[in-house]
Every structure is written in C-alpha cells, then in structure tokens.
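See below for the structure under consideration.
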Ligand SMILES: [Zn+2]
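Residue numbers (my numbering): 1292 to 1625.
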C-alpha cells in the first residue's frame, strides 16, 4: 500500500516538500533521478509522487485517495503507470522499447503517463542509448522517474537529461515511528531498525519467525550471562547453539548480543535511553546499578573478539563458552 503523503513527509520532509512545490507550480520535469542509499525511502516517495501526479482531484498537493486515478493506482492497475526492473543483470534494450511503445499508445486514459525505472544504474549502453532519445523528446505528458542507490554508476548522458533529487538518510526515530505505524510492536520496531536502515527490509525481518526466535534467544542469554555463569553455559547449549547453527546465523546472534550491551551503556548514561530492546528495560535499569562503564566496555570487547574468532572459523561451542566466561569476568568484584 502507498504510504500517505503525511507519513512520507515525516520520512523525507525536504524531498517531499520539494516535489510538492514542483507539483504546485506545475513545473514537472520530463525525467527525475531519485538517488540515495538503501533505506532512504525512495520507493515510498516515488509512489506518493506518482499518486499525486495521477490524482484527478488533488487538494493542496495531496492526492484525494478517492478518485478513479487514486484507486486504480492503489489497486496496481493504472494503465498510465508502468515500472521497469532489471531483467537479470541489466535492463535490456527490449524492455526500454516496450516502455516507449506503452507510453506512446493512444491510451484510454487521458492525462499524464508515468514510467519508473528501478535500479537505473543497471541500464546497459544499448538500453541507455534507446532511452536517451525518449527522455529528450517524449510525446505528450510523459514523465520518467529513475531510481538508483549508485548515482556514480549512472551514465553521464542519462544524468545530463534528468533532474536529480538526492535522498538523505532517515533518522532512526523516524524509521521506528514509521515501522510502528505499519503494524510492528514498539520493541520489534526498535530492534529491526538497528539491524537495517531499510524500512522494507526491516518489515520482512520483523515478520520472520527465525528472527523472532533469534531475538528471544539473545534476550534470554543476556539476562543469564549477566547473573549466573552456569545458567549461561546451559543456555548456550540448550538455546543458543540450536538457534544459531551456521556461521552467518551466529554472526547475527553476536550482533544482536552486542546491541544489548550497547543498550546497557546507553541506559547507564541515561535511564530513559532509546534502546534496541526496550522490552527488557527493567532488567537494564537494575543491572546498570551493578556494573561499571569499564566492565561494560570489556564485555563489548569480548563480543567483538568472538566475532573475529568466528571469522577464523573457531569451533562455535568453544567460542560461545569462552565468551560466557569473558562476560562474567569482573562480576564478583562489583
Ligand atoms: Zn485522487
């Protein structure tokens, strides 16, 4: 579903205002290049902008959501809108020819026609060349939106014919709010927004059962690792090792564990800190009373060391047992 303009405005206020002004003045260019890193909201902004362009009754630069244009766009079958993605490694000449043919069709729908080229850095020389002529002289009200995470890989000939719109990265608290708005619990939103800054990827992760299990296992281990070394060893055997079987999974587990210790540092500095695991805030608040910054720093170092050992293919059981002992060090002196 397309996020509402007000939601997208929170994610990318500057870009969205810029596009709304362009719309208000009706100075819509033939072609735009949306460029920005992964997770900067390019898709959400693109969809909101396209919807605005196709809306029949916009009010104050916001689509009405009820007209035929809005409804058809939302249902995914607006005849005046098409999206091209790389077919395999690159975007082929035939795909661009297809776009040109579709856009030139005497459509049943009057008004604007819009095509989107995803990962425009994947245009090969031949498809780019075909597109160039069309970018320069489209027939009628045709608009292109090209998207890329790699602006440096866009051919200069293309670049010179498009209006560039740069997407800055989105602050974490805005990503968390957006994820909660899209149905995640506050605690899951807080966690996945640490693992990735891409909102789409975060949503997928949050719905993944294995990830939920991984998160649960890590939280259990943190609490026992901080209180009882024997229980920690048991937890490694019974919970951790069956959950994190492969090297990649173990790496994710160690990263998730690292976030917990960073939370402890943050909570020690500020009892109301924004955490990766707000659901164990009560545990953090108790625990930080009994542990020094220096000890927390040592524990973080121990986890980073375990990550290095993982890359050197150390036996995972041994690695985790050693880590549990290292996390306990200094405990008796507190
Ligand atoms: Zn509308």
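Glycine included, every Cβ here is placed at the ideal spot set by N, Cα and C.
None of these values were measured; they are calculated from a predicted model.
Residue i: buried (16+ other C-beta within 10 angstroms of its C-beta) or exposed?
i	result
residue 1311	buried
residue 1427	exposed
residue 1418	buried
residue 1371	buried
residue 1392	exposed
residue 1580	exposed
residue 1303	buried
residue 1444	exposed
residue 1495	exposed
residue 1623	Here the model assigns residue 1623 a pLDDT of 42, short of 50, so the residue's position is not dependable, and the following value carries that caveat. Answer is exposed; the Cβ neighbour count stays below 16.
residue 1625	The predicted model places residue 1625 with a pLDDT of 35, which falls under 50 and marks its position as unreliable; any figure quoted below should be read in that light. Label assigned to residue 1625: exposed.
residue 1401	exposed
residue 1369	buried
residue 1466	buried
residue 1367	exposed
residue 1616	exposed
residue 1578	buried
residue 1320	exposed
Determine whether the beta carbon atoms of residue i and residue j lie at a separation below 8 Å.
i	j	result
residue 1343	residue 1434	no
residue 1607	residue 1508	no
residue 1591	residue 1547	no
residue 1568	residue 1482	yes
residue 1468	residue 1301	yes
residue 1451	residue 1326	no
residue 1516	residue 1618	yes
residue 1432	residue 1403	yes
residue 1405	residue 1341	yes
residue 1438	residue 1337	yes
residue 1475	residue 1497	yes
residue 1365	residue 1293	yes
residue 1589	residue 1620	yes
residue 1532	residue 1597	no
residue 1305	residue 1335	no
Since I believe residue j is in contact with residue i (beta carbons under 8 Å), could you give me their beta-carbon distance rounded to a whole number of angstroms?
i	j	result
residue 1453	residue 1408	Rounded, the Cβ-Cβ distance is 10 Å, inconsistent with contact.
residue 1463	residue 1484	6 Å
residue 1530	residue 1559	Contact flag wrong, Cβ pair sits at about 26 Å.
residue 1449	residue 1414	7 Å
residue 1610	residue 1593	No, residue 1610 and residue 1593 are not in contact; Cβ-Cβ is about 11 Å, not under 8 Å.
residue 1519	residue 1330	Not confirmed; about 39 Å, so no contact.
residue 1323	residue 1436	5 Å
residue 1555	residue 1587	6 Å
residue 1394	residue 1354	The Cβ separation is near 22 Å, so there is no contact.
residue 1309	residue 1352	Wrong, their Cβ atoms sit about 11 Å apart, outside the cutoff.
residue 1412	residue 1383	Actually they are not in contact, since the Cβ atoms of residue 1412 and residue 1383 sit about 15 Å apart, beyond 8 Å.
residue 1557	residue 1564	4 Å
residue 1378	residue 1389	Incorrect: roughly 10 Å between the Cβ atoms, too far for contact.
Name the DSSP beta bridge partners of residue i, please?
i	result
residue 1323	1436, 1454
residue 1406	1373, 1435
residue 1353	1350
residue 1300	The partner list for residue 1300 (beta bridge, DSSP) is empty, contrary to what the question assumes.
residue 1378	1381
residue 1343	Partner(s): none; residue 1343 has no beta bridge.
residue 1532	None, per the DSSP bridge assignment.
residue 1414	1382
| task | Report all residues for which the CB-ligand distance to some heavy atom of ligand 1 is below 7 Å; order them along the chain. | result | Going along the chain, the residues that qualify are 1346, 1347, 1348, 1349, 1354, 1355, 1356, 1357, 1358, 1360, 1361.
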